[in-house]
Amino acid sequence: MPMVRRPDFLPDLPSWSRKALFALALSAICLAFAFPVLWLMLTSVRPESGVYYVHRGTEFTLGNFAEVLRDDRIVEAFLNSALIATLATVFSLLVTVSSGYMLSRFTGPASRIWFGTIYVFRCVPYISWVLPLYFVTQSWGIYDTYLGLLLPHVAVHICFFSWLMKGFFDGIDPSMEYAAMIDGCTRWGAFVRVAIPSALPAISALAVLCWLFTWNEFLFALILTGNRVPMITVVMAQFVTEMGLRWNLMAATAVMALGPAFLLALFGQKYVIRGLRI
Amino acid sequence: MFGEQQRFMLLLIAPAALLLLLFQVVPIAIGANASFRNWALYNPKKTWVGLDHYHAVISDPAFLYVVLPNTFLFMVLSVTGALVVGLALALLLNRPFHGQKLVQTVLLVPLMVAPVVAAIMVRWMFNDQFGIVNAVLEAIGLDGQPWLVQRWSAFGIILLTDIWLWTPWFTLLLLAGLQSLPKEPFEAAAIDGTTTWRVFRFLTLPMLRPVIVVCVVIRAIDAFRTFDIVWTLTGGGPGRSTELFSLYAYVHAFLNLDLGRGSAAAIIGGLIILVIGVALYRLVDRIAKA
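These protein sequence lines are chains A and B, in that order. Numbered by this note's numbering, the letters in the first sequence go through residues 1 to 278 in order. Numbered by this note's numbering, the letters in the second sequence go through residues 1 to 290 in order.
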């Protein structure tokens, strides 16, 4: 959208002051979005005695991180969260790419029914099925195990990601796949060798989102795990209620929980933005 | 039995459908069954009680006069807030300026922050004794407030946290929408000397409407089931005054250990959002076709 004209708000001001105002507004916005995280980071490098006047002290320490990492339960929770997030991403993509492809390439009753099902289950509040899922996983003997957390996490992504994937495939011209089939490719061949490679940017965007969602997820982990499979979000939430006064340690844990997500988002940003544009 | 194409279609959706069946349909059916029974830990017989739990939930003043109004108010305000801020930021980022990439990256920060971590941060910032917000207020001569133990300030903080968390979603999707709009109408408007406001009102907004509506539908449905930030920020308190629907069901099922009543609440909430969801879908369909 080319904006060749001078914006007509504040028309009487000279251009340098308009620029300054614009820069000021931008900085204010950036600060509003970044401040809570910066504040958390600052708290995480303050010693225990300095937490109550974070903004004044001059002492800084990395001891909080060391102390948090000495806690086996927190380290285990980090590893569990990373493992579940990675596995959930792989399996979610395997399942939803094909389901989204079906929704995009076929019309007719089967496709309509599947789309309706997905939409309805997308609306169902998590609590309505996670609550009984507690009993289901217990009776199947997978409560508080990797499997018992992984499978519901894959299931939760089916609806939304099939929907997104359908949108991605809608934006890709199917004529290449027809050409491949005329040249002797099977339907599967056309899907795996032609459609999936052209949807790779979208699939990478989805992978980044899926990993972030699972890493950040709380309610499933809260209800479906106990002591055997601690997840980082649950451990942190318990931290708040049990160790409510040790803010320096809590901030250090939270900063470490942000780490992988930040790295992923930093490197994955261009895929997400490019992927969502299709 | 099936043609080759039908087999292919079924194979494509089979894994997803199987998972959906096992981990959503089956639990919901079991939850529905539990909602008709006295399914508490101390009652191994799980006596059939019919609609008693539903009646108890619907006639519970806490549910009717606190939880439901909270949930709807939260849904409307959170979606409106995130939409307005998100749209403004998307429009801002859509024009080129120095450092645009940097601003864009900063704006995406909340997207990476887990709701639980966001709630912890905000709780720390609004801590009544040592939080930065009260420190600043006191420095400029105002009184610090016990933010999280008063109903409306606590509700406002939950709302603010949610808007902070979800604005980048709107920005990202709306920016993608803006960048895919055709350029010609805007060039024509620029040649005609149309004001910025009229360009926004009569060109940008109508052309962006399908994207806006999809964003709003997705977010509204998610906002209705918000759990993590409320749980970590206030736990539904002070008292039960900031409880949302998901918390109500969770508290009854896992803290009061009454799974029957919790399931009934969860199903009532599910039905409400289903009605809203279908109505919203109709709306999307109409707007997309218009």
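C-beta atoms are modelled at their ideal positions from N, C-alpha and C, and glycine is treated no differently.
For D72 (chain A), count the other beta carbons within 10 Å of its own beta carbon; 16 or more makes it buried, fewer makes it exposed. Which is it?
Answer is exposed; the Cβ neighbour count stays below 16.
Considering only DSSP beta bridges, list what G48 (chain B) is partnered with.
One detail in the question is off: residue 48 (chain B) reads as Trp in this sequence, not Gly. In DSSP, W48 (chain B) forms a bridge with B:R37.
In chain order, which alpha helix (DSSP H) runs of at least 4 residues are fully inside the region 233 to 275 of chain B?
Counting only runs of 4 or more, we get 245 to 250.
Is the region 268 to 275 of chain B touching the region 119 to 132 of chain A in the sense that three or more CB pairs, one from each, lie closer than 8 Å?
Output reads yes: the region 268 to 275 of chain B touches the region 119 to 132 of chain A.
Restricting to Cα atoms, I'd like to know which of A:T61, A:S175, A:G268 and A:D144 is closest to A205 (chain A).
Taking only the C-alpha atoms, the option nearest A205 (chain A) is A:G268.
Please state if the CB of T96 (chain A) and the CB of F161 (chain A) are separated by a distance shorter than 7 Å.
Yes; because the gap between Cβ atoms is below 7 Å, this pair is in contact.
Distance cutoff 7 Å, beta carbons only. Does W114 (chain A) sit that close to anything in chain B?
Answer yes: the Cβ-Cβ gap between W114 (chain A) and chain B drops below 7 Å somewhere.
Would you check if the distance between the CB atom of G292 (chain B) and the CB atom of S263 (chain B) is smaller than 7 Å?
In the structure as shown, chain B starts at 1 and stops at 290, and residue 292 (chain B) therefore has no counterpart that could be examined.
Does any residue of chain A bring its CB to less than 7 Å from the CB of W124 (chain B)?
Interface residue, yes.
Check whether the region 68 to 79 of chain B and the region 219 to 235 of chain B are in contact - that is, three or more C-beta pairs closer than 8 Å.
Contact between the region 68 to 79 of chain B and the region 219 to 235 of chain B is present, because at least three Cβ pairs lie under 8 Å.
If the cut is a Cβ gap below 9 Å, which residues of chain A does W231 (chain B) touch?
Neighbours of W231 (chain B) on chain A, chain order: F218, L219, L222 and A237.
Would you decide whether Q6 (chain B) is buried or exposed? Buried here means 16 or more other CB atoms lie within 10 Å of its CB.
Counting Cβ neighbours within 10 Å, Q6 (chain B) comes out exposed, since fewer than 16 surround it.
Counting only beta-carbon atoms, is S128 (chain A) nearer than 7 Å to chain B?
S128 (chain A) counts as touching chain B.
Under 7 Å between C-beta atoms, does Q24 (chain B) make it to chain A?
Yes, because at least one Cβ of chain A sits closer than 7 Å to the Cβ of Q24 (chain B).
Note down the Cα distance separating G184 (chain A) from Y178 (chain A), rounded to an integer number of angstroms.
Their backbone Cα atoms lie some 10 Å apart in a straight line.
Flag this pair as touching only if the region 237 to 257 of chain A and the region 43 to 60 of chain A have three or more C-beta atom pairs under 8 Å; answer yes or no.
Result yes; three or more Cβ-Cβ pairs closer than 8 Å.
With a cut-off of 7 Å, does the C-beta of P152 (chain A) fall near any C-beta of chain B?
So yes, P152 (chain A) belongs to the interface.
On a CA-only basis, which of A:E48, A:I118, A:D144 and A:R187 is nearest G3 (chain B)? Give me that one, please.
Ranking the options by Cα distance to G3 (chain B), first place goes to A:R187.
Is DSSP giving L181 (chain B) helix, strand or coil here?
Here L181 (chain B) sits in coil by DSSP.
Mark L131 (chain A) as exposed unless 16 or more other C-beta atoms lie within 10 angstroms of its C-beta, in which case mark it buried.
Buried, because 16 or more other Cβ atoms sit within 10 Å of the Cβ of L131 (chain A).
Whose CA, out of A:V272, A:A34 and A:V229, lies closest to the CA of V122 (chain B)?
Minimum Cα distance to V122 (chain B) is reached at A:A34.
Reducing DSSP to helix, strand and coil, say where L108 (chain B) ends up.
L108 (chain B) falls in the coil class under three-state DSSP.
Starting from the Cα of F36 (chain B), find the closest Cα among B:V217, B:G86, B:L21 and B:A56 and give me that residue.
For the residues B:V217, B:G86, B:L21 and B:A56, the minimum Cα distance to F36 (chain B) belongs to B:A56.
Starting from Y52 (chain A) and walking both ways along the alpha helix (DSSP H), at which residues does that stretch end?
Here Y52 (chain A) belongs to no alpha helix (DSSP H), and DSSP marks it neither H nor E.
Listed from N- to C-terminal order along the chain, which residues in the region 162 to 191 of chain A have their beta-carbon within a distance smaller than 7 Å of any beta-carbon of chain B?
Correct list: S162 and R187.
Going along chain A in order, which residues have a C-beta closer than 9 Å to the C-beta of F63 (chain B)?
Chain A residues near F63 (chain B): none, gap ~14 Å exceeds 9 Å.
Can you list, in chain order, the residues of its chain whose CB lies under 8 Å from that of S111 (chain A), leaving out five sequence neighbours each side?
Correct list, in chain order: M102 and L103.
Assign V192 (chain A) to buried or exposed, taking buried as 16 or more other Cβ atoms, counted over all protein chains shown, within 10 Å of its Cβ.
So V192 (chain A) counts as exposed.
Please return the same chain residues whose Cβ sits closer than 7 Å to the Cβ of L259 (chain B), not counting the five positions on each side in sequence.
Counting only Cβ-Cβ distances below 7 Å, and skipping sequence neighbours, we find A34, W39, A40 and A253.
For T225 (chain A), decide whether its Cβ has a neighbour in chain B, counting only Cβ atoms nearer than 7 Å.
Chain B contact via Cβ: absent.
So is R6 (chain A) in contact with chain B if we call contact Cβ pairs under 7 Å?
For R6 (chain A), the pLDDT reaches just 47, beneath the cut-off of 50, and the residue's location in the model is therefore unreliable, although a value from the coordinates is still provided. No - not a single Cβ of chain B is within 7 Å of the one on R6 (chain A).
Please report how far the alpha carbon of I119 (chain B) lies from the alpha carbon of A85 (chain A), in whole angstroms.
First, the amino acid is wrong: residue 119 (chain B) is Ala here, not Ile. Those two C-alpha atoms are separated by around 21 Å.
Whose Cβ in chain A lies nearer than 8 Å to the Cβ of I212 (chain B)?
By Cβ distance, chain A contributes nothing, its closest Cβ being about 15 Å from I212 (chain B), past 8 Å.
In terms of alpha-carbon separation, which member of A:L258, A:I203, A:I273 and A:N248 lies closest to V51 (chain A)?
Among A:L258, A:I203, A:I273 and A:N248, the Cα nearest to that of V51 (chain A) is on A:N248.
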